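Going by the working numbering, the first sequence opens with residue 395, and the numbers climb by one from there.
All C-beta atoms, glycine included, are put in the ideal place defined by N, C-alpha and C.
All values reported here derive from a predicted model rather than from experimental measurement.
For reference, the structure discussed in these notes is given below.
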Amino acid sequence: MRKPCCNQDGRNKGAWSKQEDQKLVDYIKLHGEGCWHSLPKAAGLDRCGKSCRLRWINYLKPDVKRGNFAQDEEDLIIKLHALLGNRWSLIAGRLPGRTDNEVKNYWNSHIRKKLICEGIDPNNHKLCHHHLSHPQMFPITNSSESKKNDSCSSKPPSKPCGNNARDINGKYENGAITCVEEETSSMLDLNLKLTIHMP
DNA sequence: AACTGGTCCAACCGCGACCAA
DNA sequence: GTTGGTCGCGGTTGGACCAGT
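As structure tokens, this is what we get:
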């Protein structure tokens with residue numbers, strides 16, 4: 395039997411009000427991050443801890459950068475995704491001020507379509523033979539064009555490396571490192587040197 | 001102006017990992 | 001070694017917004 399979700403106990407769900415935001419910000423300013431489970435009660439919020447944590451990390455944190463992604467940020471996301479796969483938290487960690495949720499959304503709504511329309515498989519970042527042999531089926535378009543023509547879109551990518559084990563520092567254990575190395579060796583043209591280290 | 005379909009993003013859900021008892 | 005509580009991550013969804021008709 396699955397554990398009931400923390401949100402099934404009649405607590406608030408959906409969009410956050412300004413009052414709720416303010417309560418959360420005030421509490422974290424006073425007491426700092428952490429102890430998410432007990433935070434809502436202590437802060438006087440009718441939310442679960444997970445919801446509070448998500449709201450803080452993705453929206454309320456002072457260093458969160460809002461607005462459009464720059465071209466160099468987009469390039470970096472593509473390169474990092476080629477190496478790491480759907481490890482959004484790791485990718486976001488290399489982009490100051492960006493959150494994993496934001497990177498994930500941007501990937502799914504913009505970059506993925508762009509790559510597909512350019513004939514690149516977003517799962518493995520390799521040129522799609524189908525596109526090469528039938529270029530008319532995957533016309534290269536800009537982002538606004540791709541909005542109109544969503545024939546390029548497909549399901550979000552699945553985890554490219556299967557069960558990647560992750561330790562508490564966000565580094566990878568043996569299997570995943572091997573996976574990254576394989577990815578790296580298969581994409582030498584990306585010309586990217588990446589090291590993952592402690593924050 | 002009203003309707004419709006597509007897009008985007010904030011938030012939710014479920015699962016796995018970690019850790020203390 | 002087991003169990004229960006907590007945290008963090010990635011996938012998914014709902015609804016607001018926008019452009020086209």
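Around the Cβ of Glu427, a 10 Å sphere holds fewer than 16 other Cβ atoms; the residue is exposed. Look at the beta carbons and you see the stretch 473-481 not touching the stretch 428-447: under three pairs across the two are nearer than 8 Å. Taken atom to atom, the span from the alpha-carbon of Ile485 to that of Asn406 is near 31 Å. DSSP places Ala409 in no alpha helix (DSSP H); its state is neither H nor E. Beta bridge pairing from DSSP links Leu521 with Ile514.
Burial state of Lys412 is exposed, judged by a 10 Å Cβ sphere holding fewer than 16 other Cβ atoms. Contact annotation, Arg488 with Leu509: C-beta distance approximately 19 Å; criterion of less than 8 Å not satisfied. Lys507 sits buried, since 16 or more C-beta atoms from the chains shown fall within 10 Å of its C-beta.
For Pro434, the enclosing alpha helix (DSSP H) starts and ends at 433-437. Annotated three-state conformation of Ala486 is helix, per DSSP.
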